[in-house]
Every structure is written in structure tokens, then in C-alpha cells.
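First comes the structure, then the notes that go with it.
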Amino acid sequence: MSLASHSASQNSGGATCPAGPHMMDPALLTDPFGGYGRLREQAPVVHGRFVDGTPVWFVTRFDDVREALRDPRFVNTPSHVPGEGGADPREGMMELLKVPEHLRVYLLGSILDSDPPDHPRLRRLVTRAFAARRILDLRPSIERIADRFLAELPQREQDGVADLLEHFAYPLSITVICELVGIPTADLDRWREWGGDLVSMRPEQLQHSFPLMIEYCHALIEQRRAALTDDLLSALIRAQDDDGSRLSDIEMVTMILTLVLAGHETSAHLIGNGTAALLTHPDQLALLRKDPSLLPGAVHELMRWCGSVHVARLRYATEDLEIADTPIARGDAVQLVLVSANFDPRHYTDPERLDITRHQDGQAENHVGFGHGIHYCLGATLARQEGEAAFAKLLEHYPDMALAGAGAELDRAPLPGSWRLNSLRIRLRP
């Protein structure tokens, strides 16, 4: 399945997804656009199974997904459900990935999984260091970094073909986020390798890399405490909440991991997926070439149409409730499906069509690619800045670039809940 053809799958024939779909079902792994789209048209809420086989409710339609994202009756940490004092169901994933018990807190205790009152405290601290104005001021730096990697692309060509993901999207995103956080330039390749191991979901790779990441972060925090600078890590060390308590070392390490790994992976794949989408939709690419002022709206449309994150983190009901007239019992897990919501024909006109003019300036964000509610993506402003700079500079350096190969199929390894390319082979010039 390719980005060029995924819109056709929304209306394609074939068997309806059976009751009780599993996130590891081939229909959802290889074609999440069509697979989750069929679930959406089957029902607004469908009972199925998570990656590890545990029961979950798939919520598939835009209005229901958006409402549930901001509903305070859902929490991200299952032990916060009243009366639930048993084992954390997410431990099943830790077992599958063979993460050592003493390191699991760094994966399960991030701001992404936190709930009030911890979540507002953590978000307030990092928001001070991640202010929108500071991110907007990074634009010239992002453009300089993009220029540098794009100028080097011809040196990376093999038989006239360059891998845009490996030699532009990834280096750009990891360099930007590491400079912002305060990770030395000399360690960027190491972090990129660790990030790849983490998202691969392969236990043998994760067992090797994850302890090294944790050890590195603790050492970096100690170094920065001894000599504070102007980076985000220093700002976090300085930051205090209203009661004067600092982030714990575990919280600090977890925050670094979240910002660097989640930040650079999603931005890199927005650039990769978005470039592939534009190159397979020459009418939209021509619009962008003609009018670069369309870039902000184009980035939002690419986030909707081919964003790499297809599902939100699991949510747990803190009381008996209903979603779209479907009873959800206290303690039940809910999987909010962003990709089906972003293609919901009840919300969008002609949702399968890529339309970079769909999102007009001044309108509220009209997709859930960055989430919604208290867990709205911390790095959304940075991702948009990187996307705008990357696409603008790509068109400036290589206006005639094209996908390599005769077919529209792209190199992708199916992963549950995501759309990530392994490579993006392009010809820089005809």
C-alpha cells in the first residue's frame, strides 16, 4: 500500500473487518487507512484487541475521538481508575518488549502517560522552557540546518538516487531537537540509532539501547547542573512548580527521552510522508510551488492526510459512561483512532482528497493529528516549523525532484498504529 493509493482504499471493496479486530491484523497493519476506515463505517465504537491481545474499544469517528481526547473521565494511567489497584495492563507490553523491570518507569511514567495532578505540573514546567515564541525564533536556525543537509544530498546519491529520509528528514529533525534540548552535536548519531531501536519494537534492539539512553541522560543532567547554559535542559533544571519542588531525576530523564525521541521521529516522518504525498500529487505540489504562502495550511493538511501517528495512547474510563451510545465500563481501555477520525466523511468534504488549501489561516485546527485536550502535542509548534522549513527548502533546492522507480509503492515496514517509511528514494534532478 502506498501514500499515493491509500485514498482509494477508503472506498474499496472487500470484506468488512470482522467483529473483534486485533491491532496486529494484517488489514490494519498493511493498510491502516482502509482498515480503520472500514471499522469507522461499521460502527463509531468497535470492540477489539490491543497489540498484546488485551480487550480495547476502538473509537473511530472525528467528533467522538475529539470529545474523548478532552473528556476528564478518561485517564492515561490505568491505576488511576478508582477501585483499580491491580496490575497495570501496560506491563504486558513491557513483558513483550522484555524491558527490565527497574527501567519500566522511564517508559510508563512520561508526561504522555501522566494524569492530573502530575500532568499539569509537568506540562507547566516544560511549557515554560518550550514556549511558542522561543520555537518560532528557531525558524532561521532550522532553515540553515535544512540548507546544509540539502546541499550535501548530491554527495549521498547512489546511481542518481538519494534517500531523503536518511539524509535529510532524520538529520534535520534530530539536529533541531537535540540543539533545543542541549544534547551535544557529537552524540546525534547515537541518539538517532537509539530512537530507531526504540520504535522498532524489537526486544533484542531495545534491550541493548534503552539502558544506554537512561545512563546517558543521567550523566548529561549532572553535567548540566554543574554548568547551566541556555538550552531547554538547563531551563528544566532551573524550573520549579508553584510549591518550589523540582522535577525528580527520573522525571527529568523521562522528559528528555520523550522530547528527543518522540519529537524527532514524528517530525522526520511528517517530512518523509509529506514529501511522498506531494510528489504523488503533482497538482498540489504545483500549487505550493506557485504560492509558498500556502505552506502553513499544507503542513496541517499533510498532518491530517499522512501523519505518522495513527492512534492516541490508550485511555481508561474512570466511571461507567457511553461513547456514541455504546456503554463503556469503568476500567475499560479505549483506543482513539486518529487516522480514521481524520478521514471521517461526517466531518470532512471529500476526505480522501489531499487538498493543501483545506486549512485556511485563522481557522481552528481542523484535524486531530496533534491530538487534543490536555495531552495536545507539546512539540506541535516545533513540528509545524520544521515541516514548513523543510518543504520550502526542498522546493528551493530541488524544484524538479521526483520519486525514484516506476511504481508508486513505498518502502514501509508495517508497525501497529503508525505509518513510517523505511526510506524515501528520490531523484534530485530529472
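Following the numbering used here, the numbering of the sequence shown begins with 90 at its first residue and continues without gaps.
The beta carbon of each residue, even a glycine, is placed where N, CA and C say it ideally should be.
Straight-line measurement puts the Cα of Arg419 at about 8 Å from the Cα of Val170. Just so you know, the alpha carbons of Arg193 and Gln424 end up roughly 22 Å apart. Following the DSSP letters along the chain, one finds Ala406 inside the beta strand (DSSP E) bounded by residues Arg404 to Ala406. The C-beta of Gly386 has 16 or more other C-beta atoms within 10 Å across all chains shown, which makes the residue buried. If you draw a straight line from the Cα of Pro416 to the Cα of Glu156, it is about 16 Å long. Assigned with DSSP and collapsed to three states, Gln131 falls in helix.
Inside the segment 211-245, DSSP marks no whole beta strand (DSSP E) run of 3 or more residues. The shortest CA-to-CA distance from Leu309 to any of Tyr259, Gly396, Val342 and Asp319 is the one to Val342.
With contacts defined as CB atoms closer than 8 Å, Glu255 and Ser512 qualify as a contacting pair. For the pair Asp152 and His436, the Cα-to-Cα distance works out to about 8 Å. For Ile417, the three-state secondary structure derived from DSSP is strand. In its chain, beyond the 5 residues on either side, Asn165, Leu201 and Asp202 have a beta carbon closer than 7 Å to the beta carbon of Arg402. For Val140, the secondary structure class from DSSP, reduced to helix, strand or coil, is coil.
Apart from sequence neighbours up to five positions away, the residues of its chain that approach Leu374 with a beta-carbon distance below 7 Å are Leu367 and Leu368, ordered along the chain.
Residue range Ala422 to Leu425 is occupied by the beta strand (DSSP E) that includes Val423.
When DSSP states are grouped into helix, strand and coil, Gln373 belongs to the helix group. For Glu411, the uninterrupted beta strand (DSSP E) run begins and ends at Leu410 to Ile412, by DSSP. Within the model, the alpha-carbon separation for Ser262 versus Ile231 is close to 9 Å. Put simply, the backbone Cα of Leu225 is about 33 Å away from that of Arg150. The secondary-structure analysis by DSSP pairs Ile515 across a beta bridge with Ala251 and Leu492.
Nearest to Met490 by alpha-carbon distance, out of Ala328, Asp204 and Ala251, is Ala251. Per DSSP, the continuous alpha helix (DSSP H) segment holding Glu485 begins and ends at Ala469 to His486. His353 is not bridged by DSSP to any residue. In the displayed model, Trp508 falls within coil according to three-state DSSP, outside both helix and strand. Within the same chain, Cβ atoms closer than 7 Å to the Cβ of Leu350 are found at Gly284 and Leu287, the five residues on either side in sequence being excluded.
Within 10 angstroms of the beta-carbon of Lys482 lie 16 or more other beta-carbons, which makes it buried. For Tyr195, the enclosing alpha helix (DSSP H) has its first and last residue at Val194 to Leu197. A Cβ-Cβ distance of about 16 Å is found for the pair Val398 and Phe147, leaving them out of contact under the 8 Å criterion. A straight line joining the alpha-carbon of Glu441 with that of Leu359 spans about 18 Å. For Gln312, the uninterrupted alpha helix (DSSP H) run begins and ends at Pro292 to Ala315, by DSSP. The Cβ atoms of Arg393 and Pro488 do not sit closer than 8 Å to each other. With 16 or more other Cβ atoms inside 10 Å of its own Cβ, Asp433 counts as buried.
Distance between Gly363 and Leu391, taken at the CA atoms: about 6 Å. Look at Val288 here: in three-state DSSP terms it is helix.
Asp500 is positioned such that its CB atom lies closer than 8 Å to that of Leu510. The beta-bridge partner set that DSSP reports for Arg393 is empty.
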